[in-house]
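Have a look at the structure below before the remarks.
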Amino acid sequence: MPRNCQSRGSESTKSSRNFFVISQIMKIHVITLISCVTFISFTAARSETGPPAWSAKPDREITISMVPAKMAYDTTLLRVRPGAKVKLNLKNPDDLEHNLVLIKNDPEDPQGERFAAQCIELGAKGPKLAWTPDSPRVLAKSGMVGPKKEHKMFFKAPSEPGDYPYLCTFPGHSKLMRGILKVGSSDPIFSNLSYKVYAGEFRKIPDFRQLTPIKTGNAEWIDVRTLIGGEDGRAILWEGTFEVRTGGEWQFYLGSDDGAELIIDGKGVARNGGNYFFQVRKAKVRLEPGIHTMRLAYFEGGGPEALSLVADLKGAEDMIFTPDITAKTGARRAWAGPKIVKLRKPDEALVFRTFLRGRSSRSIAVAYPGKVNINWSADSMNLDQLWRGDFVNAASNWNTRGGGSHIAGKDTVSPTGGMVLQVLESIDDPWIDYSVGSSRYEKDRGPEESKELINYGIPHPDYEFKGYELDANRFPTFCYTFKGVEVEDHYCPTTLDGIEALKRTLVIRGNLPPNTHFLAGVKGDFSKLPDGSYKINELMAVRIEGATPLIRSSEARMVKPPARKTEPVKETRKELLVPVKGDQTIIVTYRWMTAGQLDQ
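So for the sequence shown, this note's numbering puts the first residue at -18; every next one is plus one.
The following block contains the structure:
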């Protein structure tokens, strides 16, 4: 049976709770929240009893914040001088715990992927070691920084100029949470760089004179990820000046997904038309020492976003304008082939926090023994997808922010499609699938009602996600509250007549308001089968134990609206609902209708 998931509400329970564990490994023991502050020496990469003597007067003070729900640092390039005394302020407003580990560069592992794999191999020792191995590559480490916590980190930069990767080593995080400490001249390459972000449906570089930006500001350098954060339908215009210290014929490398256009000193240098995959354009420009103007335009139509701009000249230091340098290095090509995650053990589950394409941004994918897999949404607190066979293809996550993982198996079914619980004052009330907020921005001049409406997901006020616990077989129990009542959601693979199935146990620990219902299925046929189960479609059926379900036809409201949609999507569908009162356990069994032809 699932264990009781304690609330995060009091400090006394925080140290004994497992929080939202994101894992790529089989052996992860209980994760404890580490909130103490450690001070780091660069040369020894070890904790100190207190801050160094120079802590009040560092040569450079930097602040990095974790981006909530995005699995990213808000800063992906740091510049310091050789030997500089650095104070690094880490802020974690996220619901997950993170860390920051600075490592030596390795030409065979420039992004730290092999080092991240060593961290995963710590297994059961990982939590105690804050997922940081005793490695000569470690230069500085923060320890785990808990949700809503801050941390101060002190270190001396190395004396050798170069690029030093930093990353979050918690299993699964490093694919998205990483950056570069550039040791050399700390002077920013730009002296006055501004940006403007636009929203719309873009298939080419737009005429920015006809558009009104939704966001403006200044930046030290060009970083597409921190400005649009995975949103499709965005265009950005950067304008500024940069200094050239060595004159000559510079080779520029412009790579983008989707389109980009580079203009220097008023002249077009390179242009990517936007073929919806990463392409590189090269161009040579003669630049004299001094200040030059730059204008860089970019648009993201859909899918993964990427922008890389680097320039080199023999005998001179490269000019790096973006955190992604793969336009020059070609590292992206090394990951062009699919890398399917097939990590399984006979009796253990694999939990993987990821971005599954087309699904909730807070997806938690789980691979169970027997090649049964689920995607659970921390937005809707509900089961989102079931499939059998291989787990996920996560290769694209290594390409800057990545294009999101996708399912590598087959026979995928989406049995539910919205918030797990709802109070229906009338049985005809529509089911609210997702919690959505809206705002308008000035795409064109005119009255308020003419401005385009943007819809976006927001936390539902009735729910609070509490994380999850892992049992001895690493099976997660998802924990949340609905209107203050604790709920646990546990899954276990099984078979029925030799065919794959999944048993779901929903435990409600408290009294729910009258007329509360549990959404067990949507868009199904829901005809009753001889064994008492209900047919979802030709692939799957569902059986309910512990309560009596009802079937209704309903118009769902706000069914996962796409961004920039003027009106919320509505649809008429059948729903399988279970009236619930609380202090009860409901068993739901999802079974495939036929034996699968699975990959071995």
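Using N, Cα and C, we set each Cβ at its ideal position, and we do this for glycine too.
Quick caveat, the model's predicted, so the values are computed rather than measured.
Across the set E481, K122, N80, L520, the C-alpha of N80 shows the shortest separation from the C-alpha of S155.
Excluding residues up to 5 positions away in sequence, A216, F280, G282 lie with their Cβ nearer than 6 Å to the Cβ of F183 in the same chain. Between L69 and I84 the beta-carbon gap is near 15 Å, outside 8 Å, which marks them as no contact.
In the DSSP assignment, E94 falls outside any beta strand (DSSP E) and lies within the alpha helix (DSSP H) extending over 94 to 101. Look at V401 here: in three-state DSSP terms it is coil, with no helix or strand label. Under DSSP, the beta-bridge partners assigned to T197 are K177. Here DSSP, grouped into helix, strand and coil, assigns L520 to coil. Residue environment: K562 is assigned as exposed (fewer than 16 neighbouring CB atoms within 10 Å of its CB, all protein chains considered). Boundaries of the beta strand (DSSP E) harbouring L69: 66 to 73, taken from the DSSP string.
In the three-state DSSP reduction, A330 falls in the coil class, being neither helix nor strand. Minimum Cα-Cα distance from A522 among the listed residues T397, T566, E89 corresponds to T397. The C-alpha of P152 is placed about 19 Å away from the C-alpha of H387. Assigned with DSSP and collapsed to three states, A105 falls in helix. Sorting E445, T497, R340, T393 by C-alpha distance to the C-alpha of E406 places T497 at the top. Contact between the segment 266 to 276 and the segment 212 to 229 is established, with three or more Cβ pairs separated by less than 8 Å. Look at I568 here: in three-state DSSP terms it is strand. A distance below 7 Å between beta-carbons, with the five flanking residues on each side excluded, links E519 to the following residues of its chain, in chain order: M574.
Membership of L208 in any beta strand (DSSP E) is not indicated; the residue belongs instead to the alpha helix (DSSP H) covering 205 to 209. Per DSSP, reduced to three states, the secondary structure at F499 is strand. For K38, there is no enclosing beta strand (DSSP E), as DSSP marks it with neither H nor E. Apart from sequence neighbours up to five positions away, the residues of its chain that approach R455 with a beta-carbon distance below 6 Å are E329, A330, ordered along the chain.
Under the criterion of beta carbons closer than 8 Å, I161 and Y145 qualify as touching, at roughly 7 Å. Distance from the Cα of V250 is smallest, within the candidate group D239, F258, K265, S237, for K265.
For the pair of segments examined, the segment 409 to 417 was found not to touch the segment 32 to 44: the number of CB pairs separated by less than 8 Å stays below three.
The beta carbon of A292 is closer than 6 Å to those of W231, F233, M300 in its chain, skipping five residues each way along the sequence. Within a 10 Å sphere around the beta-carbon of R340 sit 16 or more other beta-carbons, which makes this residue buried. Here G390 is buried: its Cβ has 16 or more other Cβ atoms, across all protein chains shown, within 10 Å. Look at R62 here: in three-state DSSP terms it is coil, with no helix or strand label. Nearest in C-alpha terms to N173, of all of K196, A200, M158, is A200. With fewer than 16 other Cβ atoms inside 10 Å of its own Cβ, I568 counts as exposed. Of the candidates D365, L235, A346, L235 places its Cα closest to the Cα of F302.
Counting other Cβ atoms within 10 Å of its Cβ, Q403 reaches 16 or more and is therefore classed as buried.
Using a Cβ distance threshold of 9 Å, Y176 and L110 do not count as a contacting pair. The beta carbons of G448 and D76 sit closer together than 9 Å. Around the C-beta of I186, 16 or more other C-beta atoms lie within 10 Å, and the residue is accordingly described as buried.
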